[in-house]
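Protein chains in written order, with our numbering: chain A, 71 to 456; chain B, 71 to 456. Take a look at the structure set out below.
Number of protein chains: 2
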Amino acid sequence: MKAAIIVCDGMADRPIKELGGKTPLEAAKTPNMDTLAKRGICGIADPVYPGIRAGSDTSHLAILGYDPFKTYTGRGPLEAVGMGIELEEGDAVFRCNFATIDGNVITDRRAGRIRETEDLAKIINGISIPGARIIFKSVEYRGSLVLRGEGLSGRVSDSDPHAPGKPIEKVKALDDTPEAKRTADIANEFTSKVKEALRDSSPANMLILRGCGIKPDIESLKEKRGIDGACIATTAIIKGIASLVGMEVVQAEHDYTDRIKQGLNVLESHDFLLMNIKEADEAAHDRDYKRKIKVIEQIDAALGPFLDFAQNNYVAIMSDHTTPVSFGDHTGDPVPVVIAGPEVRTDGVTKFDERSAAKGGLCRLNSSEVLPIMLNLMNRTEKFGA
Amino acid sequence: MKAAIIVCDGMADRPIKELGGKTPLEAAKTPNMDTLAKRGICGIADPVYPGIRAGSDTSHLAILGYDPFKTYTGRGPLEAVGMGIELEEGDAVFRCNFATIDGNVITDRRAGRIRETEDLAKIINGISIPGARIIFKSVEYRGSLVLRGEGLSGRVSDSDPHAPGKPIEKVKALDDTPEAKRTADIANEFTSKVKEALRDSSPANMLILRGCGIKPDIESLKEKRGIDGACIATTAIIKGIASLVGMEVVQAEHDYTDRIKQGLNVLESHDFLLMNIKEADEAAHDRDYKRKIKVIEQIDAALGPFLDFAQNNYVAIMSDHTTPVSFGDHTGDPVPVVIAGPEVRTDGVTKFDERSAAKGGLCRLNSSEVLPIMLNLMNRTEKFGA
Numbered sequence: 071m072k073a074a075i076i077v078c079d080g081m082a083d084r085p086i087k088e089l090g091g092k093t094p095l096e097a098a099k100t101p102n103m104d105t106l107a108k109r110g111i112c113g114i115a116d117p118v119y120p121g122i123r124a125g126s127d128t129s130h131l132a133i134l135g136y137d138p139f140k141t142y143t144g145r146g147p148l149e150a151v152g153m154g155i156e157l158e159e160g161d162a163v164f165r166c167n168f169a170t171i172d173g174n175v176i177t178d179r180r181a182g183r184i185r186e187t188e189d190l191a192k193i194i195n196g197i198s199i200p201g202a203r204i205i206f207k208s209v210e211y212r213g214s215l216v217l218r219g220e221g222l223s224g225r226v227s228d229s230d231p232h233a234p235g236k237p238i239e240k241v242k243a244l245d246d247t248p249e250a251k252r253t254a255d256i257a258n259e260f261t262s263k264v265k266e267a268l269r270d271s272s273p274a275n276m277l278i279l280r281g282c283g284i285k286p287d288i289e290s291l292k293e294k295r296g297i298d299g300a301c302i303a304t305t306a307i308i309k310g311i312a313s314l315v316g317m318e319v320v321q322a323e324h325d326y327t328d329r330i331k332q333g334l335n336v337l338e339s340h341d342f343l344l345m346n347i348k349e350a351d352e353a354a355h356d357r358d359y360k361r362k363i364k365v366i367e368q369i370d371a372a373l374g375p376f377l378d379f380a381q382n383n384y385v386a387i388m389s390d391h392t393t394p395v396s397f398g399d400h401t402g403d404p405v406p407v408v409i410a411g412p413e414v415r416t417d418g419v420t421k422f423d424e425r426s427a428a429k430g431g432l433c434r435l436n437s438s439e440v441l442p443i444m445l446n447l448m449n450r451t452e453k454f455g456a
Numbered sequence: 071m072k073a074a075i076i077v078c079d080g081m082a083d084r085p086i087k088e089l090g091g092k093t094p095l096e097a098a099k100t101p102n103m104d105t106l107a108k109r110g111i112c113g114i115a116d117p118v119y120p121g122i123r124a125g126s127d128t129s130h131l132a133i134l135g136y137d138p139f140k141t142y143t144g145r146g147p148l149e150a151v152g153m154g155i156e157l158e159e160g161d162a163v164f165r166c167n168f169a170t171i172d173g174n175v176i177t178d179r180r181a182g183r184i185r186e187t188e189d190l191a192k193i194i195n196g197i198s199i200p201g202a203r204i205i206f207k208s209v210e211y212r213g214s215l216v217l218r219g220e221g222l223s224g225r226v227s228d229s230d231p232h233a234p235g236k237p238i239e240k241v242k243a244l245d246d247t248p249e250a251k252r253t254a255d256i257a258n259e260f261t262s263k264v265k266e267a268l269r270d271s272s273p274a275n276m277l278i279l280r281g282c283g284i285k286p287d288i289e290s291l292k293e294k295r296g297i298d299g300a301c302i303a304t305t306a307i308i309k310g311i312a313s314l315v316g317m318e319v320v321q322a323e324h325d326y327t328d329r330i331k332q333g334l335n336v337l338e339s340h341d342f343l344l345m346n347i348k349e350a351d352e353a354a355h356d357r358d359y360k361r362k363i364k365v366i367e368q369i370d371a372a373l374g375p376f377l378d379f380a381q382n383n384y385v386a387i388m389s390d391h392t393t394p395v396s397f398g399d400h401t402g403d404p405v406p407v408v409i410a411g412p413e414v415r416t417d418g419v420t421k422f423d424e425r426s427a428a429k430g431g432l433c434r435l436n437s438s439e440v441l442p443i444m445l446n447l448m449n450r451t452e453k454f455g456a
């Protein structure tokens with residue numbers, strides 16, 4: 071018996087005036103999700119905690135059954151893992167952008183979205199700083215910078231001023247530990263050396279740093295839950311999280327029907343699949359409710375094979391967080407969730423959407439409880455006590 | 071005003087094909103429970119945490135309002151208290167079985183379910199080990215072994231190989247503390263001496279050890295909640311827990327109607343009754359849904375007097391954990407709960423079962439919250455703040 075969680079990223083929304091007060095999910099035609107709702111048990115889930123706005127990273131840590139408050143140490147290390155960097159304990163890791171500066175002032179935070187950065191990455195990897203090894207990797211204008219050495223910290227600020235027209239900032243310690251001070255000093259020395267090394271480069275003549283974090287201390291899914299998992303996604307951060315907890319990571323196909331097939335294939339050789347489908351979130355970030363509805367309907371149309379799967383296995387459909395079209399970014403509203411499979415206590419819910427799911431038999435739970443609940447239904451959990 | 075929690079052990083279940091997708095509780099005729107649902111407020115409760123499979127011990131700690139993650143130290147000490155042994159701080163306690171061995175190999179883990187073990191217990195109590203006092207008590211083939219001394223630990227493995235045909239195992243330390251090492255050494259020396267002492271006994275020529283734990287550090291119900299409680303049960307482990315938190319323990323009558331009368335009698339002189347009715351769980355462990363339905367109907371038929379009780383007092387009916395007939399053991403699915411009494415906010419639920427209760431006004435809660443909610447309804451809790 072297998073388990074699959076299909077995350078429709080940012081699918082959950084708020085009522086929209088232009089839709090007569092419906093949400094995009096309520097307005098969309100979703101016969102497959104509705105069938106799963108009829109055959110399954112529904113509820114609403116708080117991505118991390120009621121009212122807390124979750125990132126893609128913290129929400130996916132929760133969906134994989136981890137407490138983000140205990141395991142999340144910043145985006146830097148998760149993206150680095152997603153880029154294929156093998157982190158070691160104690161590594162301090164930044165997300166980076168190649169940028170264009172004039173003097174010390176940012177003129178373009180993405181260096182004209184430069185695509186070829188392999189040679190620049192070589193130059194950066196050639197920089198040496200006493201006390202920490204530099205490991206740098208880039209994909210187009212984005213990169214990951216690992217500082218490897220003794221006594222580093224993730225508690226330092228960004229050099230990225232987060233807006234053009236502003237000067238590069240000094241990285242500062244965010245607490246009073248010598249580790250934070252040391253990490254800030256190293257990051258600032260690195261920044262000076264990058265500026266020098268890229269002096270004659272154009273348009274990418276600088277690297278800006280943000281989201282520093284130490285490598286998380288996190289058990290693998292295998293250790294924590296006894297399951298062997300795989301992840302299909304398009305987003306680096308989600309792949310990074312999956313990789314960090316020991317899941318096999320598979321690049322998603324473009325077409326939804328192909329992705330769903332891919333998911334079922336992967337389940338042949340794994341106990342558990344996490345599939346992230348990003349596109350509804352992107353439409354919501356672009357504040358385009360029509361595109362959001364269309365994407366939801368396309369995803370739904372591809373889901374058919376999971377109805378069969380759920381005859382003898384467990385599948386959950388959920389959103390990682392709400393991304394209201396009205397706001398264009400993640401909010402802390404709860405998300406609808408359905409778990410379908412052979413032994414669930416069905417609940418009379420006949421449609422899968424934010425408001426229908428709230429009347430379901432799961433009631434209100436936390437995203438981190440979905441996977442344990444599925445593993446319990448599969449009779450795959452340890453007894454606590456006797 | 072009094073409070074009673076009636077625990078129908080293992081009553082909650084999953085939908086069963088042979089019952090047209092109903093659970094045994096849904097299929098059973100339960101007019102009294104249904105009346106309590108109509109007059110009460112319903113919900114579903116997670117025995118310890120969503121998806122976590124609770125034992126009888128951890129689930130009852132929760133029902134009594136304790137956090138099992140903080141108070142549970144293993145089954146050994148709870149059973150010892152249930153057998154009437156007065157534990158002292160620092161005691162390391164094993165559950166034991168008299169067994170039959172041939173050489174060092176177990177041939178019968180229960181020594182032919184031997185009934186008379188008083189003389190054997192005397193022999194065992196005569197064993198002396200440097201550094202720990204031996205206190206042993208048995209009821210038929212089962213026993214409790216207390217090691218009393220300085221610097222002991224509950225973090226040691228079993229000597230019981232848990233299957234016939236296997237040799238007695240060495241007790242091993244489960245962590246790196248000197249206390250665990252010392253406890254394992256004492257347990258192994260004890261085992262050698264038992265083997266020698268029972269050499270000529272038959273069929274019980276060995277004692278096997280399991281479930282070691284240190285005496286839990288737990289407040290009494292009186293200290294924690296200001297209530298004076300009594301427990302009616304048939305199971306040693308549940309009596310042990312009740313005794314440990316300072317409740318009076320009463321052996322249950324055989325007949326359900328007599329038990330319910332017994333409960334009302336006990337409530338004359340106590341604020342709070344916990345009654346555990348074990349039989350539905352036993353039917354579920356035997357995978358017998360017909361017997362489970364019958365037991366539920368018999369329990370329900372006896373509950374009448376608690377309808378009157380609930381006019382001026384509070385009664386909760388709940389299950390400690392789900393025991394699906396399909397699985398034959400405890401699972402982590404939530405359980406239905408109803409609280410009836412004079413001032414509850416009734417919720418329109420008209421039947422007491424897993425799915426109806428999930429639509430109730432208590433929504434989804436934790437088993438450990440039921441008793442505080444009842445005490446609050448009785449206006450018997452302390453204000454937090456001013």
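Idealized CB from N, CA, C, for every residue including glycine.
Once you ignore the five residues that flank residue i on each side, which residues in its own chain have a CB closer than 6 Å to its CB?
i	result
R361 of chain A	A353
V18 of chain A	Examination of residue 18 of chain A is not possible in this model, given that chain A is present from 71 through 456 alone.
So, using beta-carbon positions, are residue i and residue j closer together than 8 Å?
i	j	result
M81 of chain A	D370 of chain A	no
I288 of chain A	L314 of chain A	yes
G182 of chain A	I284 of chain A	no
I330 of chain B	A372 of chain B	yes
I302 of chain A	Q332 of chain A	yes
A74 of chain A	F379 of chain A	yes
G173 of chain B	L277 of chain B	no
G430 of chain A	G281 of chain A	no
P404 of chain B	I114 of chain B	yes
S227 of chain B	K251 of chain B	no
D417 of chain A	A428 of chain B	yes
L291 of chain A	G316 of chain A	yes
P117 of chain B	S396 of chain B	no
G146 of chain B	R123 of chain B	no
L222 of chain B	A202 of chain B	yes
H340 of chain A	D390 of chain A	no
What in chain B is Cβ-close to residue i, meaning under 8 Å?
i	result
R183 of chain A	Result: empty, since nearest Cβ-Cβ is about 44 Å, beyond 8 Å.
R415 of chain A	R84, P85, T93, D403, E424, R425, A428
P442 of chain A	Y119, P120, G121, I122, G402
If you count every other CB in all the chains shown that lies within 10 Å of the CB of residue i, and 16 or more means buried, which is it?
i	result
E188 of chain A	exposed
S451 of chain A	Going by the sequence as given, residue 451 of chain A is Thr instead of Ser. Buried: at least 16 other Cβ atoms inside 10 Å.
K453 of chain B	exposed
N394 of chain A	What sits at residue 394 of chain A in the sequence shown is Pro, not Asn. P394 of chain A should be labelled buried.
N167 of chain A	buried
K207 of chain B	buried
H232 of chain A	exposed
D246 of chain B	exposed
N449 of chain B	exposed
Below 9 Å on C-beta distance, what does residue i contact in chain B?
i	result
K236 of chain A	Ordered by position in chain B, no residue passes the 9 Å Cβ test against K236 of chain A, which lies about 45 Å from the chain.
E439 of chain A	D116, Y119, P120, G121
Closer than 7 Å by beta-carbon distance: list the chain B residues that pair up with residue i, in chain order.
i	result
N458 of chain A	Nothing can be reported for residue 458 of chain A: it is not among the residues displayed for chain A, which extend from 71 to 456.
V446 of chain A	Reading the sequence as shown, one finds Asn at residue 446 of chain A and not Val. Those within 7 Å of N446 of chain A in chain B are G121, R123, T401, G402, D403.
Name the chain A residues that come within less than 7 Å of residue i, Cβ to Cβ?
i	result
C166 of chain B	In chain order: nothing, as chain A lies at least about 14 Å away.
T128 of chain B	F454, G455
G125 of chain B	K453, F454, G455, A456
Which residues in chain A sit within 8 Å of residue i, going by Cβ to Cβ distance?
i	result
Y359 of chain B	Going along chain A, no residue has its Cβ under 8 Å from Y359 of chain B, so there is no contact; the nearest lies around 13 Å.
G281 of chain B	A456
Determine the chain A residues that contact residue i at a beta-carbon separation under 9 Å, and present them in chain order.
i	result
A169 of chain B	Within chain A, no residue comes near A169 of chain B; the closest Cβ sits about 18 Å away, beyond 9 Å.
To which residues of the same chain is residue i closer than 7 Å at the C-beta, ignoring the five residues directly before and after it?
i	result
L148 of chain A	D127, I307, G310, I311, L314
A254 of chain A	V226, V241, K242, A243
Exercise. Let me know the alpha helix (DSSP H) ranges lying completely inside the segment 364-427 of chain A, each 4 residues or longer, listed in chain order.
Key: 374-382, 424-427
Quiz prompt | Minimum length 3: unbroken beta strand (DSSP E) runs contained in the segment 297-323 of chain B | solution = 299-303, 318-321
Quiz prompt | Ranges of the alpha helix (DSSP H) found wholly within the segment 188-260 of chain A, counting only runs of at least 4 | solution = 188-195
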